[in-house]
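*Asks:* Just so you know, the protein sequences line up as chains A and B, in that order. Read in numbering that gives the first Met the number 0, the first sequence has 144 at position 145, and its numbers run on one by one without any break. Read in numbering that gives the first Met the number 0, the second sequence has 252 at position 253, and its numbers run on one by one without any break. Glycine included, every Cβ here is placed at the ideal spot set by N, Cα and C. Just passing along the structure, written as structure tokens.
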Amino acid sequence: MRKILPGLSLLLLPAGLFLFAGVVSAAGNPPSFTVGWSVYVGWDPYQYMAKSGMLKKWADKYGVAIKVQRFDYAPSLDAFVAKNIDACAMTNMEALDMPAAAGVDTTSIITGDYSNGNDAVLVRHNLTLGQIPGKRVLLVEKTVSQYLFERAMALNNLSGEIKRVKYVNTSDSDIAGAFLSDTSQDVVVTWKPLVSQILRGKGIARIFDSSKIPGEILDLLVVRTDILNRPDGSGQRFAKAIVGAWYELTSQMSKPGPEGDKVLSAIAGVSEDTLESYKEQLSTTHLFYTAPSAVEMTNSAQLKTTMELVRQFCFSHGLLGDKTSSPDDVAIRFPDGAIQGKKERVRLRFDASYMALAAQGKL
Amino acid sequence: MSVLQIHAHPSRATVWILSWFLFATGVISYFWVSRDRHRDNPDDRVMPTLRQMSQAFVDATLKPAEDDEVAANASQQSLVTRIRKSMLWKDTIATGRRFLISMALLFPAVLLGLHMGMFPHVGAFFLRFVLFFDKIVALSLLPILFIAFGIDELAKVMLIVVGVAPTIILDAFNLTRSVPKEQIVKGFTLGAGDFSITYRIVFKQIWPRVLNSIRLNLKSVMLFLFAGEMIASTDGLAYRIALLRRHMGMDTIIPYVLWVALLLFLVDFGMRTLNRKLHPWFQEA
Chain A
0 MRKILPGLSL LLLPAGLFLF AGVVSAAGNP PSFTVGWSVY VGWDPYQYMA KSGMLKKWAD
60 KYGVAIKVQR FDYAPSLDAF VAKNIDACAM TNMEALDMPA AAGVDTTSII TGDYSNGNDA
120 VLVRHNLTLG QIPGKRVLLV EKTVSQYLFE RAMALNNLSG EIKRVKYVNT SDSDIAGAFL
180 SDTSQDVVVT WKPLVSQILR GKGIARIFDS SKIPGEILDL LVVRTDILNR PDGSGQRFAK
240 AIVGAWYELT SQMSKPGPEG DKVLSAIAGV SEDTLESYKE QLSTTHLFYT APSAVEMTNS
300 AQLKTTMELV RQFCFSHGLL GDKTSSPDDV AIRFPDGAIQ GKKERVRLRF DASYMALAAQ
360 GKL
Chain B
0 MSVLQIHAHP SRATVWILSW FLFATGVISY FWVSRDRHRD NPDDRVMPTL RQMSQAFVDA
60 TLKPAEDDEV AANASQQSLV TRIRKSMLWK DTIATGRRFL ISMALLFPAV LLGLHMGMFP
120 HVGAFFLRFV LFFDKIVALS LLPILFIAFG IDELAKVMLI VVGVAPTIIL DAFNLTRSVP
180 KEQIVKGFTL GAGDFSITYR IVFKQIWPRV LNSIRLNLKS VMLFLFAGEM IASTDGLAYR
240 IALLRRHMGM DTIIPYVLWV ALLLFLVDFG MRTLNRKLHP WFQEA
């Protein structure tokens, strides 16, 4: 024991000091918030926003501290549901079937973009949608890929045939390699940049993509509602800061010529991408560069139609949980106060007010 | 402080309490936190309660997977048919089949190792390559595996074989080499041929140790199998876990993980018992 004790205390001393320092600094520092993001054309800007100091400028203005952290997509959702992070970039579908369905009241404060061709159904041998039933389809099951595919079938009056499709659940980290290497596979559904990578293979064609269902696959920034409702108002200040920073950045991104390119190549750089590839992805992304356009989308009747489709899809595929007996149990509230589902079970809220403040130049 | 001595003799009761202590702490703290989280958020899915988990497990064992055609009279079928059509049964069979096939494919690896150890030319031919191959992280070469074996059943089995076989080959090789030379010389003087020495003297001696080493590699086999099923598949225990993770179905995932642990434990236990029954002279942990 004697020999261990000095060793132990040597170990504990720095730990104790560290804890002490943490307590002291926490007392003097502004409330801190963490935003999770994953690599995707519409979310890469968050990292650049933090790196360039733009986010800090806005955070300081509102007296908060904001940290931005990169995740893989699925872990970022897990972290948000487990309440390890305060805000997270995700699609409208995952916002509903992950946090909202798990009882974490969630508010979307930025409608960032919609996929306008980023997600696609790719085939070999020039198959048509009608020929796919009975064949195997590689995709990440129960994600927007499956949503896109089933919407494609529905739009072509093939809904009844969906049952005959054999889904092969394929991890997104290997799906491009798997489809390109195994030429016996005929159909794959995935998203960019994987789509671009797969399309470079021989004899592969795109037969459907998200540009045919514009506005249905939305990319949002969501915040836990209890954070926004903090009594000290720090959550709302955080929301204002990040919305302010977002629209400052998007206005820089949309500048024509070398000025915009400089920002875009810096954004591409943070996800190890090139300017050319990033621009190619942006071309199939409908990014709401201005706050008024995002507000318009969030307030539109189209959003309600979309969410109705999405919640029915989630419910019929068991994504709202086995115990959920009706899609109404995970209700959605829209900016005009309209509610899809039971009033007392609102779990996902679309809030356009922060974007509206940005639109009015009041941030 | 006698409890910390090498000579300590804990009583039966103490051993019992000590050995279950960590289990109890784990289970209690889990349910403690789970209860807290549920009080805070009744819809919490991250840490399901005992009732949710047992309900999910019953569902998994009695109801067919959602993607299957559900028979209209499902509830009228007998218990056995319901279990045999259930999600858990289907997944277990799919995973079990892959597991058994890859285990069967590991046995030629033992024979290869044996021959490498016995016949210098065979050893010279294979040893360096296997040593090199053993250090290759198979999972990072997936795209090449896909070209060679597609992405169906064969790929999953081959991923396991590529990942585990080199270890087994090298182990069998080393065990073969550790059999005393004198025995082989003695065999020759008594008139045995090359193959009877290989199989009747050496193989018999290393076999229980090889079985043991396969048993110790069960976990790697399972890890590779799970990796394969998570990469691309249509059924299997890991496929289900990967799918359920998409909507935080922890109430099913946790029972599934425990079920896998139980199955692995049973296979391990079975192999140990078999080894003891077949080779009563073999005394090694």
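Between the Cα of Y288 of chain A and those of A:S276, A:G320, A:L248 and A:E258, spot the shortest distance and give me the residue it belongs to.
*Replies:* By 1-based counting over the first sequence, the position of residue 288 of chain A is 289. When each option's Cα is compared against that of Y288 of chain A, the closest is A:L248.
*Asks:* Straight-line CA distance for A191 of chain B to F268 of chain B?
*Replies:* Walking along the second sequence from the start, residue 191 of chain B turns up at place 192. Walking along the second sequence from the start, residue 268 of chain B turns up at place 269. Computed Cα separation, rounded: 37 Å.
*Asks:* Between R239 of chain B and the rest of its own chain, which residues show a CB-CB distance below 6 Å, the 5 nearest in sequence each way excluded?
*Replies:* Taking the second sequence and counting its residues from 1, the one referred to as residue 239 of chain B is at position 240. The residues are D90.
*Asks:* Between which residues of its own chain and F281 of chain B is the CB-CB distance below 8 Å, once the five residues before and five after are set aside?
*Replies:* Working through the second sequence from its first residue, we reach residue 281 of chain B at position 282. So the list reads P207, R208, N274 and R275, once near-sequence residues are dropped.
*Asks:* Quick one: what's R36 of chain B bridged to in DSSP?
*Replies:* Position 37 of the second sequence, counting from 1, holds the residue named residue 36 of chain B. DSSP output for R36 of chain B lists no bridge partner at all.
*Asks:* Does the beta-carbon distance from T60 of chain B to S77 of chain B come in below 8 Å?
*Replies:* Along the second sequence, read from residue 1 onward, the residue named residue 60 of chain B stands at position 61. Along the second sequence, read from residue 1 onward, the residue named residue 77 of chain B stands at position 78. No, these two residues do not count as a Cβ contact at 8 Å.
*Asks:* Determine the extent of the beta strand (DSSP E) in which D118 of chain A is found, giving its start and end residues.
*Replies:* For the purposes of this step, residue 118 of chain A is identified with residue 119 of the first sequence, where counting begins at 1. Start and end: D118 to R123.
*Asks:* Taking N168 of chain A as the query, report the chain B residues whose CB atoms sit under 8 Å from its CB, ordered along the chain.
*Replies:* Position 169 of the first sequence, counting from 1, holds the residue named residue 168 of chain A. Those within 8 Å of N168 of chain A in chain B are A231, S232, T233, Y238, A241 and L242.
*Asks:* What are the start and end residues of each continuous alpha helix (DSSP H) run of 4 or more residues lying completely inside the stretch 168 to 197 of chain A, in chain order?
*Replies:* Counting whole runs of 4 or more residues, the stretch 168 to 197 of chain A contains the alpha helix (DSSP H) stretches 174 to 180.
*Asks:* Check this for me: beta carbons of K310 of chain A and D104 of chain A, under 8 Å apart or not?
*Replies:* The sequence position of residue 310 of chain A within the first sequence is 311, counting from 1. The sequence position of residue 104 of chain A within the first sequence is 105, counting from 1. It is Arg, not Lys, that sits at residue 310 of chain A in the sequence shown. No, these two residues do not count as a Cβ contact at 8 Å.
*Asks:* Pick helix, strand or coil for R163 of chain A, following the three-state DSSP scheme.
*Replies:* As a first step, residue 163 of chain A must be located in the first sequence, where it is residue number 164. Of the three classes helix, strand and coil, the one that applies to R163 of chain A here is helix, per DSSP.
*Asks:* Looking at the unbroken alpha helix (DSSP H) that takes in S315 of chain A, where does it start and where does it end?
*Replies:* Here residue 315 of chain A corresponds to residue number 316 of the first sequence, with the count starting at 1. Taken as a continuous stretch (DSSP letters only), the alpha helix (DSSP H) holding S315 of chain A covers A300 to S315.
*Asks:* For the candidate residues B:F30, B:P119, B:T272 and B:G235, whose alpha-carbon lies nearest to that of R96 of chain B?
*Replies:* Taking the first residue of the second sequence as position 1, residue 96 of chain B is located at position 97. The shortest Cα separation from R96 of chain B among B:F30, B:P119, B:T272 and B:G235 belongs to B:G235.
*Asks:* Counting pairs of Cβ atoms below 8 Å between the stretch 316 to 330 of chain A and the stretch 255 to 265 of chain B, do you hit three or more?
*Replies:* Too few Cβ pairs lie closer than 8 Å, so no.
*Asks:* If you run the structure through DSSP and keep just helix, strand and coil, what is Y198 of chain B?
*Replies:* Numbered from its first residue, the second sequence carries residue 198 of chain B at position 199. Residue state, collapsed to three classes: helix.
*Asks:* Would you kindly work out how many angstroms separate the C-alpha atoms of V40 of chain A and G162 of chain B, rounded to a whole number?
*Replies:* What you label residue 40 of chain A is simply residue 41 of the first sequence in a count that begins at 1. What you label residue 162 of chain B is simply residue 163 of the second sequence in a count that begins at 1. Distance between the alpha carbons of V40 of chain A and G162 of chain B is about 36 Å.
*Asks:* Determine whether the beta carbon atoms of M52 of chain B and D250 of chain B lie at a separation below 8 Å.
*Replies:* Locating residue 52 of chain B in the second sequence gives position 53, where the first residue counts as 1. Locating residue 250 of chain B in the second sequence gives position 251, where the first residue counts as 1. Taking 8 Å as the Cβ cut-off, M52 of chain B and D250 of chain B qualify as a contacting pair.
*Asks:* Could you give the C-beta distance for T297 of chain A and T110 of chain A, rounded to a whole number, given that I count them as a contact under 8 Å?
*Replies:* In the first sequence, residue 297 of chain A corresponds to position 298, counting from 1. In the first sequence, residue 110 of chain A corresponds to position 111, counting from 1. That pair is a contact at about 5 Å.
*Asks:* Using the Cβ count rule (16 or more neighbours within 10 Å means buried), how would you classify D272 of chain A?
*Replies:* Within the first sequence, the letter at position 273 stands for residue 272 of chain A. So D272 of chain A counts as buried.
*Asks:* Starting from the N-terminal side, write out each stretch of the alpha helix (DSSP H) that is 4 residues or longer and does not extend beyond the stretch 146 to 230 of chain B.
*Replies:* Qualifying alpha helix (DSSP H) stretches, in chain order: 152 to 176, 180 to 188, 203 to 215 and 217 to 230.
*Asks:* In terms of residues, what are the limits of the alpha helix (DSSP H) holding S107 of chain A?
*Replies:* Here residue 107 of chain A refers to the residue found at position 108 of the first sequence. Not the alpha helix (DSSP H): S107 of chain A falls in the beta strand (DSSP E), residues T105 to S114.
*Asks:* Could you check where the beta strand (DSSP E) with V222 of chain A kicks off and where it finishes?
*Replies:* Your numbering for residue 222 of chain A matches position 223 in the first sequence. That run of the beta strand (DSSP E) goes L217 to R223.
*Asks:* Return no unless some Cβ of chain A is closer than 8 Å to the Cβ of L263 of chain B.
*Replies:* Position 264 of the second sequence holds residue 263 of chain B. By this cut-off, L263 of chain B is not an interface position.
*Asks:* Which same chain residues end up closer than 6 Å to H8 of chain B when comparing Cβ atoms and leaving out the 5 residues on each side of it in sequence?
*Replies:* For the purposes of this step, residue 8 of chain B is taken as the residue at position 9 of the second sequence. Excluding sequence neighbours, H8 of chain B sits near nothing in its chain.
*Asks:* Listing by chain order, which chain B residues have their CB less than 9 Å from the CB of M152 of chain A?
*Replies:* Position 153 of the first sequence holds residue 152 of chain A. Within chain B, no residue comes near M152 of chain A; the closest Cβ sits about 16 Å away, beyond 9 Å.
*Asks:* Mind checking who D335 of chain A pairs with in its DSSP beta bridge?
*Replies:* Taking the first sequence and counting its residues from 1, the one referred to as residue 335 of chain A is at position 336. DSSP lists no partner for D335 of chain A.
*Asks:* Are the C-beta of I146 of chain B and some C-beta of chain A separated by less than 8 Å?
*Replies:* Mapped onto the second sequence, residue 146 of chain B falls at position 147. Answer yes: the Cβ-Cβ gap between I146 of chain B and chain A drops below 8 Å somewhere.
*Asks:* Compute the beta-carbon to beta-carbon distance between T197 of chain B and M117 of chain B, rounded to the nearest angstrom, for a pair I have assumed lies under 8 Å.
*Replies:* Here the question's residue 197 of chain B lines up with position 198 in the second sequence. Here the question's residue 117 of chain B lines up with position 118 in the second sequence. Indeed, because the Cβ distance is near 5 Å, the residues count as touching under 8 Å.
*Asks:* Say whether chain D places a C-beta atom closer than 8 Å to the C-beta of L110 of chain B.
*Replies:* In the displayed structure, chain D is absent; the protein chains listed are A and B.
*Asks:* If you draw a straight line from the alpha carbon of Q145 of chain A to that of G227 of chain B, how long is it in whole angstroms?
*Replies:* Your numbering for residue 145 of chain A matches position 146 in the first sequence. Your numbering for residue 227 of chain B matches position 228 in the second sequence. When rounded, the distance between both Cα atoms is 21 Å.
*Asks:* Determine the direct distance from the alpha carbon of P74 of chain A to that of E140 of chain A, and round the result to whole angstroms.
*Replies:* Mapped onto the first sequence, residue 140 of chain A falls at position 141. Mapped onto the first sequence, residue 74 of chain A falls at position 75. Using only the alpha carbons, I get a separation of about 16 Å.
*Asks:* DSSP three-state call for F207 of chain A: helix, strand or coil?
*Replies:* Within the first sequence, the letter at position 208 stands for residue 207 of chain A. DSSP places F207 of chain A in strand when its eight states are reduced to three.
*Asks:* According to DSSP, is Q68 of chain A part of a helix, a strand, or is it coil?
*Replies:* Translated into positions along the first sequence, residue 68 of chain A becomes position 69. Three-state DSSP puts Q68 of chain A in a strand.
*Asks:* Name, in chain order, the residues that DSSP records as bridge partners for M89 of chain A.
*Replies:* Start at 1 with the first residue of the first sequence, and residue 89 of chain A comes out as number 90. Bridge partners of M89 of chain A: A:L219.
*Asks:* Apply the 10 Å Cβ neighbour rule to G35 of chain A and answer buried if 16 or more other Cβ atoms are within range, or exposed otherwise.
*Replies:* Residue 35 of chain A sits at position 36 when you count from the first residue of the first sequence. G35 of chain A should be labelled buried.
*Asks:* What distance in whole Å lies between the Cβ atoms of W57 of chain A and A240 of chain A, which are believed to be in contact at a cut-off of 8 Å?
*Replies:* Walking along the first sequence from the start, residue 240 of chain A turns up at place 241. Walking along the first sequence from the start, residue 57 of chain A turns up at place 58. Contact flag correct, Cβ pair sits at about 4 Å.
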